[in-house]
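Undergrad: When we follow this note's numbering, the leftmost residue of the sequence shown carries the number 4, and every step to the right adds one.
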Amino acid sequence: LYLLKLRRMIANLAKDRYNEEDIKKSILTELQQIQDDVNALRVADYNVAKKNLLKISRSPKPIGDKLNLDRLRETCNRASTAIELVKDVRDKMAAISVEVYATYYLASHSD
Numbered sequence: 004l005y006l007l008k009l010r011r012m013i014a015n016l017a018k019d020r021y022n023e024e025d026i027k028k029s030i031l032t033e034l035q036q037i038q039d040d041v042n043a044l045r046v047a048d049y050n051v052a053k054k055n056l057l058k059i060s061r062s063p064k065p066i067g068d069k070l071n072l073d074r075l076r077e078t079c080n081r082a083s084t085a086i087e088l089v090k091d092v093r094d095k096m097a098a099i100s101v102e103v104y105a106t107y108y109l110a111s112h113s114d
């Protein structure tokens, strides 16, 4: 019985010290940050694949150069991973187009 009274007293003190709405807002803000971080991680592979294609297109070396072929391989792998991870249909289609482009050039310039 004493413990029950003590718990009630602590609960009442906690209500006075903490604003429930502030706590809810804080939790929602933290959850939104987590969601944003997860979304950023999902598109990270796509962004790397896209940047690799940009590097290849700006490279003065031919597309069949070893460095560019390595970039194409990485682009294929990253784009394939992005296809699996991204949720948005437009992002999925963009990742597919990057993978197709990279696979085509990789196949046409590989021995």
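In this text, a Cβ means the ideal position worked out from N, Cα and C, and glycines have one as well. Keep in mind it's a predicted model, so treat the numbers as computed, not measured.
(1) Answer with yes or no whether the minimum CB distance from K90 to chain D is below 8 Å.
(2) Since V103 is in the alpha helix (DSSP H), which residue starts that stretch and which ends it?
(3) What residue does the alpha helix (DSSP H) around D73 start on, and which one ends it?
(4) Buried or exposed: where does R10 fall if 16 or more other Cβ atoms within 10 Å of its Cβ makes it buried?
(5) May I have the straight-line CA-CA distance separating R61 from I37, to the nearest angstrom?
(6) When the Cα atoms are used, what is the spatial distance from R93 to Y107?
TA: If we stick to the structure as given:
(1) Absent here is chain D; the protein component of the structure consists of one chain.
(2) For the purposes of this step, residue 103 is taken as the residue at position 100 of the sequence shown. It spans V92 to H112 - the alpha helix (DSSP H) in which V103 sits, taken as one unbroken run.
(3) Residue mapping note: residue 73 aligns to position 70 of the sequence shown, counting from 1. Where D73 is concerned, the enclosing alpha helix (DSSP H) starts and stops at K69 to L88.
(4) Numbered from its first residue, the sequence shown carries residue 10 at position 7. Flag for R10 reads exposed.
(5) As a working note, residue 61 is residue 58 in the sequence shown. As a working note, residue 37 is residue 34 in the sequence shown. About 35 Å.
(6) As a working note, residue 93 is residue 90 in the sequence shown. As a working note, residue 107 is residue 104 in the sequence shown. Near 21 Å, if we compare the C-alpha coordinates of Y107 and R93.
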